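Peer 1: Letter by letter, the sequence shown follows residues 1 to 165 of the numbering used here.
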Amino acid sequence: MNCSDTAGIGWPLFIGLGANTPGPLGGPRETLAWAVSELNHLLEGVSFSSVFFTAPLHYSEQPHYFNQVLRGFSRMGPRNLLRELHRLEKEAGRCRAGVPRFGPRPLDLDILLFGDYTIASVDLQVPHPRMHQRRFVLEPLQELAPAARDPRNGALWRSYLAGAL
1 MNCSDTAGIG WPLFIGLGAN TPGPLGGPRE TLAWAVSELN HLLEGVSFSS VFFTAPLHYS
61 EQPHYFNQVL RGFSRMGPRN LLRELHRLEK EAGRCRAGVP RFGPRPLDLD ILLFGDYTIA
121 SVDLQVPHPR MHQRRFVLEP LQELAPAARD PRNGALWRSY LAGAL
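(1) Compare the Cα-Cα distances from Met76 to each of Gln125, Leu42 and Gly103 and report the closest residue.
(2) Rounded to whole angstroms, how far is the Cβ of Val69 from the Cβ of Leu141, which I believe are closer than 8 angstroms?
(3) To the nearest angstrom, how far is it from the Cα of Ser4 to the Cα of Glu61?
(4) Assuming Arg105 and Arg94 form a contact by the criterion Cβ under 8 angstroms, report the distance between their Cβ atoms to the nearest whole angstrom.
(5) Measure how close the beta-carbons of Leu138 and Ala164 come, nearest whole angstrom, since I'm counting them as under 8 angstroms.
(6) Met1: buried (16+ other C-beta within 10 angstroms of its C-beta) or exposed?
(7) Taking the alpha-carbon positions, what's the Arg158 to Pro127 distance?
(8) Quick check on the DSSP output: the beta strand (DSSP E) that includes Arg75 runs from which residue to which?
(9) Run the CB neighbour count on Ser229, radius 10 Å, all protein chains shown included, and call it buried at 16 or more, exposed below.
(10) What first and last residue would you give for the beta strand (DSSP E) that runs through Ala19?
(11) From the DSSP output, read off the bridge partner residues of Thr54.
(12) Which class does Arg135 belong to by DSSP, given the choice of helix, strand or coil?
(13) According to DSSP, simplified to helix, strand and coil, what is Ala92?
(14) With distance defined between alpha-carbon atoms, name the residue in Glu30, Ile111, Leu156 and Glu91 nearest to Gly16.
(15) In whole angstroms, what is the alpha-carbon distance linking Gly8 and Arg79?
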């Protein structure tokens, strides 16, 4: 991947999707299916990994998650894309106030990678700061892009799997 707009279809990116509680759009599977449809309209050249059913991390008093990774291209910059992802989360019933940081949610959408960019700001960190520790991100990423590399150090993302939770 690189930072340039690839053949006029936008910047290459990966987004993590997760859901584990019902919301106004239905249960986690229905909400994930809705998010897939919405992201297909928002982005170009979209493909999705299989859905993985995974145990929650850090805050165990919640249902298991349905997780998936999207590969696609965006004509929007990373901050505009983040705003759109937050809009979709809110539409799916996610409320950030008064909820534990790693607590249950009807929809979670995270920018994992955006071209070869590294971004470290208060509101956005790319690559996602914990993706190298999360099996539920690395396995679907490996399914979509086995040769993908960490832009910070050039390591294959799959090399992190042995130490991932």
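Even glycine gets a Cβ: it sits at the ideal position worked out from N, Cα and C. Keep in mind that this is a model prediction, so the values were computed, not measured.
Peer 2: In short:
(1) Residue mapping note: residue 76 aligns to position 76 of the sequence shown, counting from 1. If we check each option's Cα against that of Met76, Leu42 comes out closest.
(2) Here residue 69 is taken as the residue at index 69 of the sequence shown, counted from 1. Here residue 141 is taken as the residue at index 141 of the sequence shown, counted from 1. That belief holds up - the Cβ atoms of Val69 and Leu141 are roughly 5 angstroms apart, short of 8 angstroms.
(3) The residue given as residue 4 occupies position 4 in the sequence shown. The residue given as residue 61 occupies position 61 in the sequence shown. Any reading at Ser4 needs caution, since the residue's pLDDT is 47, under 50, leaving its predicted position unreliable; the model's value is listed next. The alpha-carbon atoms of Ser4 and Glu61 are separated by roughly 42 angstroms.
(4) Stepping through the sequence shown from its first residue, residue 105 is reached at position 105. Stepping through the sequence shown from its first residue, residue 94 is reached at position 94. Their Cβ separation, rounded to whole angstroms, is 5 angstroms, which keeps Arg105 and Arg94 in contact under 8 angstroms.
(5) By one-based count along the sequence shown, residue 138 stands at place 138. By one-based count along the sequence shown, residue 164 stands at place 164. Yes, they are in contact, since the Cβ atoms of Leu138 and Ala164 sit about 5 angstroms apart, within 8 angstroms.
(6) Taking the first residue of the sequence shown as position 1, residue 1 is located at position 1. Residue placement at Met1 is poorly supported in this model, since its pLDDT is 42, which falls under 50; the coordinates still yield a value, given next. It counts as buried.
(7) The residue you call residue 158 lines up with position 158 of the sequence shown. The residue you call residue 127 lines up with position 127 of the sequence shown. About 15 angstroms.
(8) Looking up residue 75 in the sequence shown gives position 75. That residue, Arg75, is in no beta strand (DSSP E); it is neither H nor E in DSSP.
(9) Missing from the structure shown is residue 229; the chain here goes from 1 to 165 and no further.
(10) Position 19 of the sequence shown holds residue 19. Note, Ala19: beta strand (DSSP E), Trp11 to Ala19.
(11) In the sequence shown, counting from the first residue as 1, residue 54 sits at position 54. Under DSSP, Thr54 forms a beta bridge with Tyr65.
(12) Mapped onto the sequence shown, residue 135 falls at position 135. DSSP places Arg135 in helix when its eight states are reduced to three.
(13) To locate residue 92, count along the sequence shown from 1; it is residue 92. In the structure shown, Ala92 sits in coil (DSSP, three-state: anything other than H, G, I, E or B).
(14) Sequence index remark: in the sequence shown, residue 16 carries index 16 (1-based). That would be Ile111, whose Cα lies nearest to the Cα of Gly16.
(15) Looking up residue 8 in the sequence shown gives position 8. Looking up residue 79 in the sequence shown gives position 79. Gly8 and Arg79: Cα-Cα distance of roughly 19 angstroms.
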